[in-house]
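For reference, the structure is listed below as structure tokens.
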Amino acid sequence: MKSTDELSSEHRGIEVMLDILDEAARRIVTGEPADFGHLEGMMEFLSVFADKCHHGKEEEFLFPSLEAAGIPNEGGPIGVMLSEHRKGRECIAGMKKGVAALMAGDEEGNFLFADNAREYTALLRQHIQKEDNVLFVMAAQRLDAVKDEELFREFEKLEEERIGKGRHEEFHALLDRLKKIYLG
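Residue numbering for the sequence shown follows the numbering used here, beginning at 4 and increasing consecutively.
As structure tokens, this is what we get:
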């Protein structure tokens, strides 16, 4: 399906950022100085690309379409995904507080950032597996080609309106830069 293929492709980029985030957290707790520009870029990627854009596509278009096709929200896979999106937002807020503390010279920010980063990366890795291997399979079974095309167009519109034209490419360029720095 075109729509879920796009979401799965975005998952691959998010997984690269999770690896970068793990390495950044490791470096910070072992006493390496933090590069605030890098950390702010990571937070922007997670807040804007992963949450506002990617999760926005799921929450505003895919999940309601699946619910209309008979997949339950309450007590079902959609409800689990929504709960995990909320938990992820809490972790991002915690990481941002950690970065702010670090920038203010408070070394406790190291642990606040790293603890939330580790929790977030563990959560998102499991979350992505559930979406790719369960929810998107359900979508392929329940949604027809017309609905798939409609979702794909809505995704493109949301991306342009929510994050702006060309931002997707900017985020991938950021990923490439940080990948070289943190993952070699």
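Using N, Cα and C, we set each Cβ at its ideal position, and we do this for glycine too.
With a CB to CB cut of under 8 Å and the five nearest residues on each side skipped, what residues in its chain are close to residue i?
i	result
residue 43	102
residue 171	52, 56, 162
residue 145	69, 72, 73, 74
Pick helix, strand or coil for residue i, following the three-state DSSP scheme.
i	result
residue 147	coil
residue 36	coil
residue 112	helix
residue 76	coil
residue 16	helix
residue 4	coil
residue 166	coil
I'd like the list of long-range same chain contacts for residue i, defined as Cβ closer than 6 Å, with 5 residues on each side in sequence excluded.
i	result
residue 131	14
residue 117	28, 31, 32
residue 17	53
Could you check the C-alpha separation between residue i and residue j for me, to the nearest Å?
i	j	result
residue 137	residue 109	42 Å
residue 97	residue 158	28 Å
residue 123	residue 58	15 Å
residue 175	residue 20	10 Å
With distance defined between alpha-carbon atoms, name the residue in the options nearest to residue i.
i	options	result
residue 133	87, 114, 113, 98	87
residue 6	92, 107, 140	140
residue 49	95, 67, 10	95
residue 60	8, 185, 120	8
residue 184	26, 21, 17	26
residue 152	47, 64, 168	64
residue 142	35, 111, 80, 125	80
Is the closest heavy atom of the ligand NAP to the C-beta of residue i under 7 Å?
i	result
residue 121	Inclusion of the ligand NAP in the displayed structure is not the case, the ligand content being empty and no account of it being possible.
Got a sec, what are the start and stop residues for the alpha helix (DSSP H) residue i sits in?
i	result
residue 90	80-106
residue 64	Careful: residue 64 lies outside any alpha helix (DSSP H) and carries neither H nor E.
residue 183	170-186
Leaving out five residues on either side along the sequence, give the residues of the same chain with a beta carbon under 7 Å from the beta carbon of residue i.
i	result
residue 119	94, 97, 98, 101
residue 22	186
residue 106	39
residue 155	5, 6, 9
residue 115	97, 100, 101, 104
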